[in-house]
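One structure below.
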Amino acid sequence: MVKVITYGTFDLFHEGHYKLLQRARQLGDYLIVGVTTEEYDLARGKLNVADSLMTRIENVKKTGFADEIIVEESQGQKFRDIQKYNIDIFTVGSDWVGTFDYLKDYCKVVYLDRTKNISSTMLRIKETPIQRIGVIGTGRIANRFIPEAALVSGVNTQCVYNPHFESAEAFARKWGIDPCRDIEEFYNASDIVYIASPHETHYLYIKQSLEHNKHVLCEKPLCLSRRQAEELFEYAKRKKLVLFEGIKTAYCPGFTKLLGMACSGVIGSIRGVEACFTKLENVNHRELKDTEYGGSFTELGSYCLLPILKIFGRDYEKITFDMIKGNNGLDLYTKAHIRYAKGLATATCGLGVKSEGKLLVSGTEGYIVAEAPWWKTSYFEVHHENPDEVERISERFLGDGLRYEICDLLSMINGDTRRDFKLTRGDSEAMADIMELFLEERKRM
Ligand code: CTP
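With this note's numbering applied, the sequence shown corresponds to residues 4 to 448, in that order.
The structure is reproduced here in structure tokens:
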């Protein structure tokens, strides 16, 4: 019996997939089809997969060509499967020519001609119209955003607005997009507005974008008061628009995995979360010059509050802030202590003090630690009482990581509301609340 194996995502199942499976089956007597998991696709940079794993498996099954269907979860699995299942022929489409030649030592490798003019990517674009992104703000984060958005199929960055038109023009020239002098012209040319302007302008831009029926992706902190955040989320809901806070950590695969493990009992019951993020900032930058809204906590607090709120929730008993201020009254080093009924948390942020950036989650049976830059989670360790018993977990984090949040935003706009579990409306409102308490406290201290 000749055993054949092939792999694929098989998203939005199409004729190309059908023909590939048909020919793969004809190569032998028994066909095994490996279907990729969502996590594996995300890790290898295949973003925007529309169908769930179950749907994709169902579709492969319906063809009747597969004698057996398995799930492909990680790189290196093909090599193991070929030996485990005693495979004679490995096959994939001709778009992969050469990539799998390393398997030739173990079985025959056949690249089948790809069916022309069809792919899942094409169907995704056809099924859901391209969303045009308009960017407000031209600072460092906006510059990081554009190349990341270019990697997500289904969106196109179209235009940029900055009240200082010369800045918009220079930015537009750099990225080959349109500068807008007039804000109405900007809204007309956008379906999604990405807000990367200074913190205190977020509220008005979000409101204005929603009034113009645009979906919004806003950089953290979304708002600096709970009342404003609640009002905006309520308004977005009424207008059936997506309002999305851009804290990239929340959407990156490694962080989701870390949370999943922490909350599934591997370190017992969680009693502590300590998150630290410091970055020595240039004193001439907005972060250390804007005496009203700059400072360490408004700048970096969202990252540190994220694991705390995701693990312990929003019902804390008490929050206190401690800080060291610079001459202009801005906090250069800040600690927020948060007490919960069953645990203690600390968020440490610094723009003028450097510390070891670390995320530490402590439990009754062990701890999880992720070193800096844990906010781009790609590696963490699970420790127990026995120091020899360490589990080391890695996850791919690609580029600047903004692609993951853009992807989830797009899925939500296209109707997949399940994606909002990574950063809920309640999480964003709680963060706005804490920012507000912090700003009051900073004025008082
Ligand atoms: N395939 C094919 N002809 C096509 C499209 C895909 O023969 N027109 C083959 C691929 O070469 C692969 C298998 O089908 O062996 C599964 O491919 P997959 O990556 O799931 O499909 P694509 O349509 O290429 O997906 P995407 O556009 O997301 O890359």
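Glycine residues also receive a C-beta, built at the ideal position from the N, C-alpha and C atoms.
Item to check | Bounding residues of the beta strand (DSSP E) (the contiguous stretch that carries residue 124) | outcome: Residue 124 sits at position 121 when you count from the first residue of the sequence shown. Residue 124 -> not in any beta strand (DSSP E); alpha helix (DSSP H) instead, spanning 123-130.
Item to check | Cβ neighbours of residue 104 in the same chain (closer than 7 Å, five flanking residues each side left out) | outcome: For the purposes of this step, residue 104 is taken as the residue at position 101 of the sequence shown. These residues qualify, in order along the chain: 112.
Item to check | Beta-carbon contacts of residue 20 that lie in its chain and below 6 Å, excluding the five residues immediately before and after | outcome: On the sequence shown, residue 20 is found 17 positions in, with the first residue counted as 1. Here the set comprises 13.
Next on the checklist: Only counting the same chain, and skipping five residues up and downstream in sequence, which positions put a Cβ closer than 6 Å to that of residue 278?
Outcome noted: The count along the sequence shown starts at 1 and reaches residue 278 at position 275. 307, 310, 350 and 362, listed in sequence order.
Item to check | Within 7 Å, strictly: CB atoms of residue 402 and residue 151 | outcome: Counted from its first residue, the sequence shown places residue 402 at position 399. Counted from its first residue, the sequence shown places residue 151 at position 148. It is a contact, given that the beta carbons lie within the stated cut-off.
Checklist entry - Is the closest heavy atom of ligand 1 to the C-beta of residue 334 under 6 Å? => result On the sequence shown, position 331 is the one that residue 334 refers to. No, the beta carbon of residue 334 sits no closer than 6 Å to any heavy atom of ligand 1.
Checklist entry - What do you get for residue 237, buried or exposed, if any count of 16 or more other CB atoms within 10 angstroms of its CB means buried? => result Here residue 237 is taken as the residue at index 234 of the sequence shown, counted from 1. Exposed, since its Cβ has fewer than 16 Cβ neighbours within 10 Å.
Next on the checklist: In this structure, how does DSSP classify residue 78 when only helix, strand and coil are distinguished?
Outcome noted: Here residue 78 corresponds to residue number 75 of the sequence shown, with the count starting at 1. The answer is coil: DSSP assigns residue 78 none of H, G, I, E or B.
Next on the checklist: How far does the beta strand (DSSP E) with residue 162 in it extend, from its first residue to its last?
Outcome noted: Taking the first residue of the sequence shown as position 1, residue 162 is located at position 159. First-last of the beta strand (DSSP E) with residue 162: 158-164.
Item to check | Limits of the unbroken beta strand (DSSP E) element including residue 397 | outcome: What you label residue 397 is simply residue 394 of the sequence shown in a count that begins at 1. Run containing residue 397: 393-397, per the beta strand (DSSP E) assignment.
Next on the checklist: According to DSSP, residue 338 sits in a beta bridge with which residue or residues?
Outcome noted: As a working mapping, residue 338 is identified with position 335 in the sequence shown. Bridge partners of residue 338: 325 and 351.
Next on the checklist: Just verifying my parser: in three-state terms, what is the DSSP assignment at residue 181?
Outcome noted: Sequence index remark: in the sequence shown, residue 181 carries index 178 (1-based). The answer is strand: DSSP assigns residue 181 an E or B state.
Item to check | Among 202, 5 and 191, nearest to residue 213 - alpha-carbon criterion | outcome: As a first step, residue 213 must be located in the sequence shown, where it is residue number 210. Looking at the Cα atoms, 191 is the closest of the given residues.
Item to check | Coil, strand or helix - residue 10 by DSSP | outcome: In the sequence shown, the residue the question calls residue 10 occupies position 7. Strand at residue 10.
Checklist entry - How would you label residue 133, buried or exposed, when you count the other beta carbons within 10 angstroms and need 16 or more for buried? => result For this step, residue 133 is matched to residue 130 along the sequence shown. Exposed, because fewer than 16 other Cβ atoms sit within 10 Å of the Cβ of residue 133.
Item to check | Residue nearest to residue 291 in terms of C-alpha spacing, selected from 4, 65 and 329 | outcome: Sequence index remark: in the sequence shown, residue 291 carries index 288 (1-based). Looking at the Cα atoms, 329 is the closest of the given residues.
Next on the checklist: Taking the alpha carbon of residue 71 as the reference point, which residue from 85, 116 and 8 has its own alpha carbon closest?
Outcome noted: Start at 1 with the first residue of the sequence shown, and residue 71 comes out as number 68. Measuring from the Cα of residue 71, the nearest candidate turns out to be 8.
Item to check | Residue range of the beta strand (DSSP E) that includes residue 307 | outcome: In the sequence shown, residue 307 corresponds to position 304, counting from 1. Not the beta strand (DSSP E): residue 307 falls in the alpha helix (DSSP H), residues 299-315.
Item to check | Buried or exposed (CB count within 10 angstroms, at least 16 for buried), residue 51 | outcome: For the purposes of this step, residue 51 is taken as residue 48 along the sequence shown, with counting starting at 1. Buried: at least 16 other Cβ atoms inside 10 Å.
Checklist entry - Where residue 245 and residue 122 are concerned, what is the direct C-alpha to C-alpha distance, given to the nearest angstrom? => result For the purposes of this step, residue 245 is identified with residue 242 of the sequence shown, where counting begins at 1. For the purposes of this step, residue 122 is identified with residue 119 of the sequence shown, where counting begins at 1. Approximately 28 Å, taken between the alpha carbons.
Item to check | Spatial distance of residue 296 from residue 341 (CA atoms) | outcome: Along the sequence shown, one-based indexing puts residue 296 at 293. Along the sequence shown, one-based indexing puts residue 341 at 338. When rounded, the distance between both Cα atoms is 22 Å.
Checklist entry - Name the DSSP bridge partner or partners of residue 136? => result As a position in the sequence shown, residue 136 is number 133, starting the count at 1. Note: residue 136 sits in a beta bridge opposite 160 and 195.
Checklist entry - Taking C-beta to C-beta, are residue 92 and residue 37 nearer than 7 Å? => result If you number the sequence shown from 1, residue 92 lands on position 89. If you number the sequence shown from 1, residue 37 lands on position 34. No, the Cβ-Cβ distance between residue 92 and residue 37 is not below 7 Å.
Item to check | Sufficient close CB pairs (3 or more, under 8 Å) joining the segment 382-392 to the segment 280-294 | outcome: no
Checklist entry - What residue does the beta strand (DSSP E) around residue 270 start on, and which one ends it? => result If you number the sequence shown from 1, residue 270 lands on position 267. Note, residue 270: premise wrong, no beta strand (DSSP E); not H, not E.
Next on the checklist: So for residue 58, helix, strand or coil by DSSP?
Outcome noted: As a first step, residue 58 is located in the sequence shown; it is residue number 55 there, counting from the start. Residue state, collapsed to three classes: helix.
Item to check | Whole-angstrom C-beta distance between residue 444 and residue 229, which should lie under 8 Å | outcome: For the purposes of this step, residue 229 is identified with residue 226 of the sequence shown, where counting begins at 1. For the purposes of this step, residue 444 is identified with residue 441 of the sequence shown, where counting begins at 1. About 15 Å separates the two Cβ atoms, so there is no contact after all.
Checklist entry - To which residues does DSSP link residue 71 through a beta bridge? => result Along the sequence shown, read from residue 1 onward, the residue named residue 71 stands at position 68. BP columns for residue 71 point to 35.
Item to check | residue 357 - DSSP class collapsed to helix/strand/coil | outcome: Numbered from 1 along the sequence shown, position 354 holds the residue referred to as residue 357. Coil, per DSSP.
Item to check | For residue 221 and residue 248, believed in contact at Cβ under 8 Å, the rounded distance | outcome: As a first step, residue 248 is located in the sequence shown; it is residue number 245 there, counting from the start. As a first step, residue 221 is located in the sequence shown; it is residue number 218 there, counting from the start. Right, their Cβ atoms sit about 6 Å apart.
Item to check | Identity of the residue in 49, 377 and 419 nearest residue 154 by Cα | outcome: Translated into the one-based positions of the sequence shown, residue 154 becomes position 151. Nearest option by C-alpha distance: 49.
Checklist entry - Can you give the beta carbon distance from residue 336 to residue 353, rounded, assuming they're within the 8 Å contact cut? => result In the sequence shown, the residue the question calls residue 336 occupies position 333. In the sequence shown, the residue the question calls residue 353 occupies position 350. At roughly 4 Å, the Cβ-Cβ gap stays under 8 Å, so residue 336 and residue 353 are in contact.
Checklist entry - So, do the segment 196-206 and the segment 414-421 have three or more beta carbon pairs nearer to each other than 8 Å? => result no
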